[in-house]
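Notes follow the structure.
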Amino acid sequence: MNEPVIVELVGLPGAGKTTLATRVLDTSADSTGRTGGRALLRTARAARSAPFGFFLRHPAAAAASGGLLAAALLSGPDAVIHAGRLAMWGGHLETLATTDCELLVLDQGAVQQAWSAAHRLGPGGMRRVEPVLRSLLRSSPVQPILVFCDLPPELAWRRVQAREDGRSMLDGMSHERALPLLKTAAPALQGLTERISRDLGLPYLLLDTSEHLDIAAARLRDFLSDATLNPRSSAASLPVG
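Residue numbers for the sequence shown follow the working numbering, beginning at 18 and rising by one.
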């Protein structure tokens, strides 16, 4: 069985990650250059099912099984939770690689979880979390393709407001509080994604998701086709505007 192409979508809440993944998977055979295979969207909610959900519900077990380094480097009352979730998304990519499908798209993965942990850890959080993320991805036998979903923070906020509650860290926030957070988070999250891609040699695409997502999906399918058929040419690709 061939390993699936694993894609991690990264971006602000409201960037269109889940919608984009769904559009891409509708034509998965074309996007991977393979035929006859199945595709799978692994959303944050879907990940709560076994075996991934076990580590999400019991982060201490994930820290013990794959995140000892994370537990050692992170501190504070939520350290074990962050360590466990990072271990699940990063240290268990090899489990994802055994999935019986051609294309696996994560609308939340190791990079997104690392940024979330850094935000919740407060000042200096990124300096503590980023080495953990690098270690987990380096130790994984499977390397994802990273795609940063780029859009203006104001548009991300409008999209979050238009959808149901319970799907975002911004739920319940006022405009005055949420928008400055998004404006600060956007360059930090993009910078983290680009550094990880560059330093670990992972294929990377900077994708504009501010327009109709069908356009973004078509562009992502083209990129995945090239990355799959010509892996060396995109292993350290520069962002495409």
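Think of the CB as a built atom: it goes at the ideal place given N, C-alpha and C, for glycine as much as any other residue.
To which residues of the same chain is threonine 36 closer than 7 Å at the C-beta, ignoring the five residues directly before and after it? Position 19 of the sequence shown, counted from the start, is the residue given in the question as residue 36. Leu230, listed in sequence order.
Coarse secondary structure for leucine 168, derived from DSSP in three states: By one-based count along the sequence shown, residue 168 stands at place 151. In the displayed model, leucine 168 falls within coil according to three-state DSSP, outside both helix and strand.
From the DSSP secondary-structure annotation, give me the bridge partner or partners of aspartate 225. As a first step, residue 225 is located in the sequence shown; it is residue number 208 there, counting from the start. Its beta-bridge partners are Asp167.
Is it buried or exposed, alanine 205, if we count other Cβ atoms within 10 angstroms and call 16 or more buried? Locating residue 205 in the sequence shown gives position 188, where the first residue counts as 1. Under this definition alanine 205 is an exposed residue.
Can you find the residues in the same chain that come closer than 6 Å, C-beta to C-beta, to proline 170, ignoring five residues on each side of it along the sequence? Locating residue 170 in the sequence shown gives position 153, where the first residue counts as 1. Only Leu199, Lys200 and Ala203 meet the Cβ criterion.
From the DSSP output, read off the bridge partner residues of isoleucine 162. Stepping through the sequence shown from its first residue, residue 162 is reached at position 145. Note: isoleucine 162 sits in a beta bridge opposite Val24.
Rounded to whole angstroms, how far is the Cβ of alanine 173 from the Cβ of alanine 32, which I believe are closer than 8 Å? Translated into positions along the sequence shown, residue 173 becomes position 156. Translated into positions along the sequence shown, residue 32 becomes position 15. The Cβ separation is near 6 Å, so the contact holds.
According to the Cβ coordinates, are serine 214 and leucine 163 closer than 8 Å? Along the sequence shown, one-based indexing puts residue 214 at 197. Along the sequence shown, one-based indexing puts residue 163 at 146. Yes.
With 8 Å as the threshold, decide whether the Cβ of leucine 37 is near any Cβ in chain D. Going by chain labels, chain D is absent from the structure shown, which holds only one protein chain.
Determine the burial state of alanine 179: buried for a count of at least 16 other Cβ atoms within 10 Å of its Cβ, exposed for fewer. Numbered from its first residue, the sequence shown carries residue 179 at position 162. Per the 10 Å Cβ criterion, exposed.
Would you tell me roughly how many angstroms separate the C-alpha atoms of aspartate 124 and alanine 233, rounded to the nearest one? As a first step, residue 124 must be located in the sequence shown, where it is residue number 107. As a first step, residue 233 must be located in the sequence shown, where it is residue number 216. Approximately 15 Å between the Cα atoms of the pair.
Proximity below 8 Å, CB of leucine 286 to CB of alanine 38: Shown here, the chain extends from 18 to 258; a query on residue 286 therefore has no answer.
Do leucine 241 and valine 24 count as a contact pair if the criterion is CB distance below 8 Å? The residue you call residue 24 lines up with position 7 of the sequence shown. The residue you call residue 241 lines up with position 224 of the sequence shown. Contact flag set, yes.
Could you tell me whether the Cβ atoms of alanine 122 and leucine 42 are closer together than 8 Å? Walking along the sequence shown from the start, residue 122 turns up at place 105. Walking along the sequence shown from the start, residue 42 turns up at place 25. It should be noted that the sequence gives valine, not alanine, for residue 122. A contact, by the Cβ cut-off of 8 Å.
Between the C-alpha atoms of leucine 138 and arginine 144, what's the straight-line distance to the nearest angstrom? Position 121 of the sequence shown, counted from the first residue, corresponds to residue 138. Position 127 of the sequence shown, counted from the first residue, corresponds to residue 144. Taking the straight line from one Cα to the other gives about 10 Å.
Best match in Glu147, Gly208, Gln160 and Val177 for proximity to valine 22 [C-alpha to C-alpha]: Translated into positions along the sequence shown, residue 22 becomes position 5. Nearest option by C-alpha distance: Gln160.
Quick one: grab the DSSP three-state call for proline 220. Here residue 220 corresponds to residue number 203 of the sequence shown, with the count starting at 1. Secondary structure of proline 220 (DSSP, three-state): coil.
Arginine 210 and valine 128 look like a contact to me (Cβ under 8 Å); what is the Cβ gap, rounded to whole Å? One-based indexing of the sequence shown puts residue 210 at position 193. One-based indexing of the sequence shown puts residue 128 at position 111. Note that residue 210 is threonine in the sequence shown, not arginine. Yes, they are in contact, since the Cβ atoms of threonine 210 and valine 128 sit about 6 Å apart, within 8 Å.
Rounded to a whole number of angstroms, what is the C-alpha to C-alpha distance between tryptophan 132 and glutamine 207? Here the question's residue 132 lines up with position 115 in the sequence shown. Here the question's residue 207 lines up with position 190 in the sequence shown. Roughly 10 Å separates the two Cα atoms.
Considering Cα atoms alone, identify which of Glu228, Ser157 and Arg40 is closest to leucine 120. Walking along the sequence shown from the start, residue 120 turns up at place 103. Per the Cα distances, Arg40.
Closest Cα partner of tyrosine 221 within the set Asp243, Ala135 and Arg175: The sequence position of residue 221 within the sequence shown is 204, counting from 1. Nearest C-alpha to tyrosine 221: Asp243.
Environment of glycine 141 [buried if 16+ CB atoms lie within 10 Å]: Within the sequence shown, residue 141 is the residue found at index 124, counting from 1. Under this definition glycine 141 is an exposed residue.
First and last residue of the uninterrupted alpha helix (DSSP H) at arginine 40: Locating residue 40 in the sequence shown gives position 23, where the first residue counts as 1. Counting along the chain, arginine 40 sits inside the alpha helix (DSSP H) bounded by residues 34-42.
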